[in-house]
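Visitor:
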Amino acid sequence: MGVGHVPQEPFRSEGENPQLQGRQRRGTSARGRVRPRSGLNHNRDLGSRGEQLVVDWYRRRGHDIVDRNWRCRDGEIDIVATQANVLVFCEVKTRATDRFGSPAHAVTLDKQRRLRRLAVAWMSAHGFRNVRLRFDVACVIGVGDDARVDVIESAF
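Residues 1056 to 1211, numbered by my numbering, are exactly what the sequence shown covers, in order.
1) Taking 8 angstroms as the limit between beta carbons, can you name the residues of its chain near residue 1202, skipping five residues before and five after?
2) For the region 1112 to 1129 and the region 1146 to 1161, state whether three or more C-beta atom pairs, one from each stretch, are separated by less than 8 angstroms.
3) Short of 6 angstroms in beta carbon distance, which residues of its chain neighbour residue 1188, apart from the five on each side in sequence? Order them along the chain.
4) Taking all protein chains shown into account, decide if residue 1111 is buried (16 or more other Cβ within 10 angstroms of its Cβ) or exposed.
5) Let me know the secondary structure DSSP gives residue 1198 once reduced to three states.
6) Could you spell out the range, first to last residue, of the alpha helix (DSSP H) harbouring residue 1176?
7) Taking residue 1210 as the reference, give the member of 1163, 1183, 1181 and 1117 with the closest Cα.
8) How is residue 1110 classed by DSSP in three states: helix, strand or coil?
9) Please classify residue 1181 as buried or exposed, where buried requires at least 16 other C-beta atoms within 10 Å of its C-beta.
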């Protein structure tokens, strides 16, 4: 009635399979989608290798590793180390490449607050009182022998 023709099928580019117009193509958000299991394992393995490189870095500089991957209901602390009466809490961020910037940028103000709360919980659980604290951020970029470790001491 004066409006013109309204196509009954969704628009698609030339040669595009019409069967992909359904659930696979709907929306742009990754939320709610199931990620491939291999991707999760890859990220976990990459993170574990990065943490081990950082542990080695601390040991070479005379730190004693007190705890790794300590968890409570509020979160996880990657590495707890000591050196000269200083208790060091380290957040490790590992990336395969630095294409999207430094991994340190992932340690937001909220993450820093959470790490401080976790440090208090860890000290309470392990009987540490009246010690000097330091919060480090370790950035691991790359995989294998080419990986680069940068530790920002007293990051916050």
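Built from N, CA and C at the ideal position, the CB exists for glycine as well.
Guide: Let me lay it out:
1) Numbered from 1 along the sequence shown, position 147 holds the residue referred to as residue 1202. 1104, 1105, 1108, 1195 and 1196.
2) no
3) By 1-based counting over the sequence shown, the position of residue 1188 is 133. Around residue 1188: 1142.
4) What you label residue 1111 is simply residue 56 of the sequence shown in a count that begins at 1. With fewer than 16 other Cβ atoms within 10 Å, it is exposed.
5) Translated into the one-based positions of the sequence shown, residue 1198 becomes position 143. The answer is coil: DSSP assigns residue 1198 none of H, G, I, E or B.
6) Within the sequence shown, numbered from 1, the residue matching residue 1176 stands at position 121. That run of the alpha helix (DSSP H) goes 1164 to 1181.
7) In the sequence shown, counting from the first residue as 1, residue 1210 sits at position 155. If we check each option's Cα against that of residue 1210, 1163 comes out closest.
8) Against the sequence shown, residue 1110 aligns to sequence position 55. Here residue 1110 sits in helix by DSSP.
9) Along the sequence shown, one-based indexing puts residue 1181 at 126. Answer is exposed; the Cβ neighbour count stays below 16.
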